[in-house]
Structure formats: C-alpha cells, structure tokens
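First the structure, in the form of structure tokens, and then the observations on it.
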Amino acid sequence: MTNQFSRRTLLQTSAAAGLLSTMGMPAWAAPKHGGRLRLGLAGANTSDTWDSRTHSDNYMINMGAGCVFETLTEVASDGSLRGELAESWEATPDAKVWTFNLRKGVKFHNGKSFGADDVIESMKMHVEEGAKSAAKPIVSSVDEMKKLSDTQVQFTLKSGSADFPYLVSDYHICIFPAGMIAEAISKGIGTGPYQVVSFEPGVRTLVKKFEDHYRADTVGYFAEVEAIAIADASARMNAMMTGQVDAVNRVDFKTVPLMKANPNVEIIEVTGNMHNVFPMLCKMEPFNNVHVRQALKHAVNRQEMVDKILLGHGAIGNDHPIGPANQYYAGNLPQIQYDPDKAKFHMNKAGLGNLKLDLHVSEGAFAGATDAGQLYSNSAAKCGITINVIQEPADGYWSNVWMKKPWCASYWSGRATEDWMFQTAYESGQPWNEAGWENERFQSLLKQGRSELDSAKRRDIYTEMQSLCSQEGGTIIPMYQNYLDAASTKLAHGPKVGNLWMLDNSRISKRWWFA
C-alpha cells in the first residue's frame, strides 16, 4: 500500500472538491508573487497561542497550519491527499505499520534543519501527561514511533488504519523543532511559507514570506499576510465591502445579495461536511435520559432553520456528523422529523409532563446561532418544552461555554474520513467529545471500522454508527451549512476550492495569489 492508493471516490466529485458557485475570479492563471493579503476573520480569541494542540477555530487554523506551520500530509483543494513535509508513504498490507519518507532540505524559520526527530517529538506532544489535544485520539492510536533515518519515520499502530495518512494532515499535528518546542510555541517557529512578524492574540497577526522555504516558488505567493480579528459579522462584511480586507470567512447569509451586487467582491460557496450542532452533555440531567434527547430531536423544525437561518445555503441534518461529501454517508437513513406528538410521547416516557431548559448560543458558535436558538425555542414550545435562549459573547465562547454548559450551540467543519470525524468528537474519553455520549455498541463499531479494510464492510459499520448517533446520540444536528466566504476580485486561485474547512481548507494564504 502506497500513497497512490485510491482516494474516496465521492471526494473527487464536484460536491466534495468544492466547485465554486457563480465564481468570476480568474482561475488557472499562472500564480504571481507579492502583495499583502489582508484577512478579516471570525474565530479569534485573546487566549490564542501558537500551540496547535489548542487550535479550535478558523483564525488560528488559518494562521497556524495555513501559514506558519506544516503537517506531514495535506488534503488538496480537489480532495486528494498529498504530501507536505512527507514526500511519500507506504504501509504493510494490514495498514498497521506506516513508513513516511520526509522531504530533504527543509528548514525551520530559525535555520534549524527539519528531520525525523522533529516529527517524533511533535507527535508525542499530543499524548504527554496533561496535554489537552484534539489530536490525542490520532496519536494515541500509535503504539511505537521509530526513527529509521533522518528522513524516514515508521509508525506502528495499535491496530490497522487505512485512514492514517489522512489523519496526520490534522491541523493540530503541526511539526515543531525538536528540543525547542516551548520556544517555537512562544515565537511561532515552524517550517511554513510564512514566518511571524507580530502576534497580538485575539487582535491581529502579521506574517511575512519565508524566503528559505523549500517550495518558495510554488507555495505562499504573498509577500505578507495580515489577519485581523473581526468577530462581529456586520463589521466583517462592511470591511469586505469597503475594501479594508481582501477576504473574509463566515459570510452573513443575509448580506449575500448586497455583496453579490458589489463588482469588487466575489462570493465563494462550497458544499462540504460543515454542520451546526446543539450538543447535550449526556452525563448531566436531564440529558442522561435518552427519551429527553429523542424528544428534543423531534422538537426542532430543521427545514425552517435551513430556510430562515441558512437562507437555503445548506441542507437539513439528521443528528449525525457524517456529511454528503464523505464516502460512507448514509443518506438513506430515516429522517428525523419535526413531530410535536412524538416529542410529547418521549417526554411521557421520560416521566416528564413538561421541560424547561437553558440553551447557550453565540454568533461565535456559528452565524445565525442566536436566531436558530429562538426558532428552536418556538418550535419546542408546541411540544411542551420551554427553551430559554441565553446569548453569550463570541470572545471566549469556546473556552467558557462550549463543553461547560449543559446545552449549547457548536459547529463542526467535518473531516475527510468517517473515522477521523467520529474519533475526534464521539470517541469515549477524548477531549473534544462534546456530548460525552456513551454507547457501548457505537464505541465497538468505531474500533472495528478503523481497522476494517473491506470497503463494503466499512460502509455497513459506518451506516450503523450514523443510525445509532441519529436515534440515540447527544447531538442535535439540524443542518449542514455550505461554506460561504467572500474575497476580492483581485485575488486568484486554482480551479477548485477545498471543502474541508472555510477559505480553501484554511489554506488561502498558501494557495491563492493576487491576479
């Protein structure tokens, strides 16, 4: 098995590859170098650092793995997997032992040469005592890491994993210089095409082109990249409309017609696996009762949310995180419907005549989260459920509210593979298991699916997992949301835009250029 094995077929279709909707940007043109890219981004926090283990929102993902650092592999704009710091990789037939051949001639921003020691020490960061890394489930699946040479690393897994090369593209698993990781985190020292000039957490970041980058001619075309934190959606859209920035994430759906009317602005819309979530902490009452969870599943009008919150820029969800761009998406599962009678039935089963709950929301969770919460409250009222919507500030939301309040708003960009998504947010004991839902059958299937190499059997496994999650799980997933970003018509890019995360897989700084 080598890095040439077949990619998920669906990820090569137009939906997964991120074909653009009504794009007028110049594409396919030869890239040009120079200029300062100004990004207006939601998702920054005053607690942000260069420690990629902690990166959880688009601002630091863009500036971390998307600018300053690199991973072993990356998912390209067309959905294929390619090497970044790894040139190639191969596995034993059981996909249990993986050998990665590293690039030669790579330097860190401080002049240190890159090699196998850096990979091993950077990987071990995620499983060291006290580490709270979302990539812990990935790295903890490795039984042994061995340096075969300065340019070759071997990973022996606890069980086979056909997805392992995809998993090491995770933006948390950035490579730091061995022996000086604390300094590298403090200063932002990586191997990426840009090096740090200044960093004001939650405010502004400026990076400049790293001239000694091993692919300086083909990656990172801008002379500088400036990322400005703009949490307020209206302020962010205004900055885009008035030319104060060159690109923004999380376009307010209500402003799309106005922005389309601006000849200097292009809307970038791609269909991926992004989904909006209302996770319930299943170890806390009343969410530890499956009938309460099922009542809440039938108390939300999903189509109304798609129509009124997304304004049609998405599709209804079915309370599992696997999206239409995944290979084993189970689109034939029974769709959970808004049904007050069924909601009341489950309330009675739970021994409750009525229910009063607090739902914590924020525009920092996803655009329209506050209005979505109000719609949920209105539809649930007809089911005998009173939902008190509490609006939280965007700054600090992910550290102060998410996974701390019993019920809140959240979002996920999805992942390139089913195992990656499930192990990140649904595996027992992992730091980003936002609902803490425990289901013995689900956890058993998760391990089976990871090591199963037969595609038909994997489909059956992941279909059952999606069904269990949908019917009994602790996440309300009412809608899949298209990625909706905006950029200046002065910018250009390749023929496709990535759909794993917003702004071309959060790699706009590496892949785009000024026309």
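Going by the numbering used here, the sequence shown opens with residue 55, and the numbers climb by one from there.
Backbone N, C-alpha and C fix where the C-beta goes; we use that ideal spot for every residue, glycine too.
Presumed contact (8 angstroms Cβ cut-off) between residue i and residue j, rounded CB distance
i, j, result
"residue 295", "residue 319", "7 angstroms"
"residue 347", "residue 528", "6 angstroms"
"residue 98", "residue 283", "3 angstroms"
"residue 551", "residue 324", "6 angstroms"
"residue 465", "residue 329", "7 angstroms"
"residue 89", "residue 341", "No, residue 89 and residue 341 are not in contact; Cβ-Cβ is about 50 angstroms, not under 8 angstroms."
"residue 239", "residue 102", "The pair is not a contact, with the Cβ atoms about 12 angstroms apart (cut-off 8 angstroms)."
"residue 394", "residue 437", "4 angstroms"
"residue 409", "residue 439", "5 angstroms"
"residue 126", "residue 273", "Going by Cβ atoms, the distance from residue 126 to residue 273 rounds to 15 angstroms, so no, they are not a contact pair."
"residue 287", "residue 300", "Contact flag wrong, Cβ pair sits at about 18 angstroms."
"residue 372", "residue 524", "5 angstroms"
Limits of the unbroken beta strand (DSSP E) element including residue i
i, result
"residue 532", "529 to 535"
"residue 209", "206 to 211"
"residue 116", "No beta strand (DSSP E) contains residue 116, which is instead part of the alpha helix (DSSP H) from 112 to 117."
"residue 457", "Looking at the DSSP string, residue 457 is not in any beta strand (DSSP E), and its letter there is neither H nor E."
"residue 445", "439 to 445"
"residue 332", "329 to 333"
The alpha helix (DSSP H) enclosing residue i, as first and last residue numbers
i, result
"residue 95", "From DSSP, residue 95 is part of no alpha helix (DSSP H) but of the beta strand (DSSP E) over 90 to 95."
"residue 221", "218 to 221"
"residue 514", "509 to 526"
"residue 346", "344 to 351"
Closest by C-alpha distance to residue i, when choosing among the options
i, options, result
"residue 363", "380, 421, 471", "421"
"residue 326", "524, 215, 375", "375"
"residue 530", "184, 520, 211, 538", "520"
"residue 351", "389, 194, 507", "389"
"residue 381", "223, 471, 387", "471"
"residue 200", "468, 236, 153", "153"
"residue 267", "223, 249, 105, 117", "249"
"residue 425", "107, 359, 450", "359"
"residue 418", "565, 331, 403, 509", "331"
"residue 367", "408, 304, 118", "304"
"residue 475", "224, 562, 495, 113", "224"
"residue 235", "178, 289, 202, 525", "178"
"residue 533", "494, 510, 468, 566", "468"
"residue 449", "365, 461, 285", "285"
"residue 116", "564, 461, 560", "560"
"residue 402", "344, 379, 166", "344"
"residue 196", "538, 514, 181, 525", "181"
"residue 257", "481, 446, 113", "113"
"residue 412", "134, 405, 427, 404", "427"
"residue 132", "265, 557, 549", "549"
In DSSP terms, what residue i is bridged to
i, result
"residue 249", "262"
"residue 145", "152"
"residue 269", "None, per the DSSP bridge assignment."
"residue 368", "535"
"residue 545", "568"
"residue 462", "414"
"residue 279", "91, 261"
"residue 136", "128"
"residue 396", "In the DSSP output, where bridge partners are listed per residue, residue 396 has none listed."
"residue 431", "DSSP lists no partner for residue 431."
"residue 301", "93, 541"
"residue 409", "439"
"residue 319", "542"
"residue 591", "Outside the shown range of the chain, which is 55 to 569, sits residue 591, and nothing can be said about it."
Exercise. Is there contact between the stretch 435 to 455 and the stretch 197 to 217, where contact requires at least three CB pairs shorter than 8 angstroms?
Worked result: Note that the stretch 435 to 455 does not touch the stretch 197 to 217; fewer than 3 beta-carbon pairs, one per stretch, sit closer than 8 angstroms.
For this session: Would you be able to state if there are at least three C-beta pairs under 8 angstroms between the stretch 115 to 131 and the stretch 254 to 261?
Result: yes
Exercise. Can you find at least 3 beta carbon pairs, one from the stretch 537 to 551 and one from the stretch 310 to 319, that sit closer than 8 angstroms?
Worked result: yes
Exercise. Should the stretch 229 to 239 be called in touch with the stretch 162 to 173, which here means at least 3 C-beta pairs below 8 angstroms?
Worked result: The stretch 229 to 239 is in contact with the stretch 162 to 173.
Problem set entry | Segment contact flag, the stretch 91 to 110 with the stretch 267 to 282, C-beta cutoff 8 angstroms, min 3 pairs | yes
Exercise. Three or more beta-carbon pairs under 8 angstroms between the stretch 184 to 191 and the stretch 479 to 492, yes or no?
Worked result: Output reads yes: the stretch 479 to 492 touches the stretch 184 to 191.
Exercise. Touching or not, the stretch 138 to 146 and the stretch 496 to 513, by the rule of three or more beta carbon pairs under 8 angstroms?
Worked result: Flag = no, the stretch 138 to 146 and the stretch 496 to 513 do not touch.
For this session: Decide if the stretch 102 to 122 is in contact with the stretch 236 to 252; the criterion is three or more beta carbon pairs, one per stretch, under 8 angstroms apart.
Result: At 8 angstroms Cβ cutoff, the stretches touch.
Problem set entry | Any 3 or more C-beta pairs closer than 8 angstroms across the stretch 147 to 164 and the stretch 208 to 220 | yes
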